[in-house]
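Report on the following structure.
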Amino acid sequence: MPDIPEHELEETRAALAPTLEATAAILPWLAKPRQARFDPKLNERWISAGKRLVAAWSERHGTGAGDVRPAIFGLYAVALETADATCLRLGEALACAADRLEDVSPSPRLIAAITASIECLNEVEGLEHPSFDERAVHFSKRLETSVTRTLGDQRSAVIDQLFRNEAHEQIQLMQDALAALPPDAYCLNTESLKLAEQAELLELWGIMHLARQLSGVVSAQAANLEDPAIRACIDQKLTEMDSAIAAVRTECDSA
42 MPDIPEHELE
52 ETRAALAPTL
62 EATAAILPWL
72 AKPRQARFDP
82 KLNERWISAG
92 KRLVAAWSER
102 HGTGAGDVRP
112 AIFGLYAVAL
122 ETADATCLRL
132 GEALACAADR
142 LEDVSPSPRL
152 IAAITASIEC
162 LNEVEGLEHP
172 SFDERAVHFS
182 KRLETSVTRT
192 LGDQRSAVID
202 QLFRNEAHEQ
212 IQLMQDALAA
222 LPPDAYCLNT
232 ESLKLAEQAE
242 LLELWGIMHL
252 ARQLSGVVSA
262 QAANLEDPAI
272 RACIDQKLTE
282 MDSAIAAVRT
292 ECDSA
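Numbering-wise (my numbering), the sequence shown opens with residue 42 and increments by one.
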């Protein structure tokens with residue numbers, strides 16, 4: 042291998058000098074141990090409360106769930122001691138989730154969120170884990186979303202009943218518009234799009250797609266709505282939508 046000319050080596054050294062100096066400057070900081078954010082005894086209490094909660098949650102199917110709620114509020118008490126916003130948010134989110142556990146049938150989404158959140162507490166470093174803040178914020182958001190969705194699910198029986206009543210009226214309006222001479226394309230299109238929006242808000246995706254398909258047919262065949270084949274196609278879609286709306290089952294049906 043031929044020798045590298047000395048002037049090229051000098052140029053390379055000069056180009057690397059700022060990088061080497063910057064690296065040398067941060068090495069002492071990297072060598073320093075990470076400064077503790079919390080009092081060691083406080084962190085020990087957090088770790089102990091976390092272990093208690095992990096054990097209570099994992100044993101809930103055996104010894105029962107009676108220990109879970111006290112364990113969650115035990116952790117929350119330590120979070121209050123920290124006076125740290127992230128710890129407080131996680132403690133508050135777990136406490137709210139504990140309230141929802143009192144429901145007759147907690148949602149699978151809520152159970153999954155609690156399980157994932159509790160698993161992150163099983164860290165030997167506790168509050169001093171380098172990723173604690175990031176994890177705590179993530180699981181707090183997940184718990185909050187699950188609790189909010191659970192509360193929304195409790196109201197869905199009434200909302201679904203209102204949706205069914207209004208949707209059936211919209212179907213009747215569209216059937217009347219189709220039976221008119223000539224068929225009322227504006228009413229068919231407007232009501233089908235309105236129904237699609239309402240279904241989307243309630244995450245009734247099948248009804249939403251049927252309503253959008255109907256709107257697409259009406260828009261494409263607006264000039265041919267008197268054609269018997271087109272009428273039959275639209276009438277079939279209205280029947281499918283009406284059946285799908287009737288199939289939305291909630292607690293209101295048995296109340």
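No residue lacks a Cβ here, since even glycine has one placed at the ideal position from N, Cα and C.
Ordered along the chain, which non-local residues of its own chain (more than five positions away) have a Cβ less than 8 Å from that of residue i?
i, result
"A177", "T127, C128, R130, L131, C161"
"A39", "Only positions 42 to 296 of the chain appear in this structure, which leaves residue 39 out of reach."
"P223", "L266, E267"
"V165", "I88"
"T123", "F79, L83, W87, L129, L168"
"E207", "Q239"
"L251", "K278, E281, M282, A285"
Whose CA, out of the options, lies closest to the CA of residue i?
i, options, result
"S187", "L151, A220, E166", "L151"
"A273", "S260, S233, A252, Q216", "Q216"
"L116", "A55, L83, T104, G107", "L83"
"P149", "A56, P59, A124, L184", "L184"
"T156", "R101, F204, P269, L279", "R101"
"A106", "L142, A198, E207, P81", "L142"
"L219", "L251, P171, A270", "A270"
"T189", "E175, N163, P147, Y227", "P147"
"D225", "N163, L135, I275", "I275"
Less than 6 Å between C-beta atoms, sequence neighbours within five positions excluded: which residues of the same chain meet that for residue i?
i, result
"A139", "R110, I113"
"A154", "R183, L184, S187"
"Q254", "none"
"D108", "A97"
"V119", "R86, W87, A90"
"L229", "M215, A218, V259"
Using a Cβ-Cβ cut-off of 7 Å (strictly less than) and excluding sequence neighbours within five positions of residue i, which residues of its own chain qualify?
i, result
"Q277", "none"
"M249", "A237, A240, E241"
"G247", "A285"
"I159", "L94, V95, W98"
"L135", "I113, L116, Y117, S158, L184"
Comparing the C-beta of residue i with each C-beta of chain C, is any distance below 9 Å?
i, result
"V95", "Among the protein chains of the structure shown there is no chain C, as only one such chain exists."
| field | Contact the stretch 278–287 vs the stretch 209–223: 3+ CB pairs below 8 Å | value | yes
| message | With a threshold of 8 Å, are at least 3 pairs of Cβ atoms found where one atom belongs to the stretch 84–103 and the other to the stretch 179–186? | response | no
| Contact between the stretch 230–241 and the stretch 264–275: three or more CB pairs below 8 Å? | no
| query | Just checking, does the stretch 245–264 make contact with the stretch 222–234 on the three C-beta pairs under 8 Å criterion? | reply | yes
| message | Extract the residue ranges of the alpha helix (DSSP H) inside the stretch 63–130, only unbroken runs of 4 or more that lie entirely within it. | response | 81–99, 109–123
| request: Identify every run of the alpha helix (DSSP H) within the stretch 148–206, keeping only runs that are complete inside it and at least 4 residues long; order them along the chain. | output: 149–160
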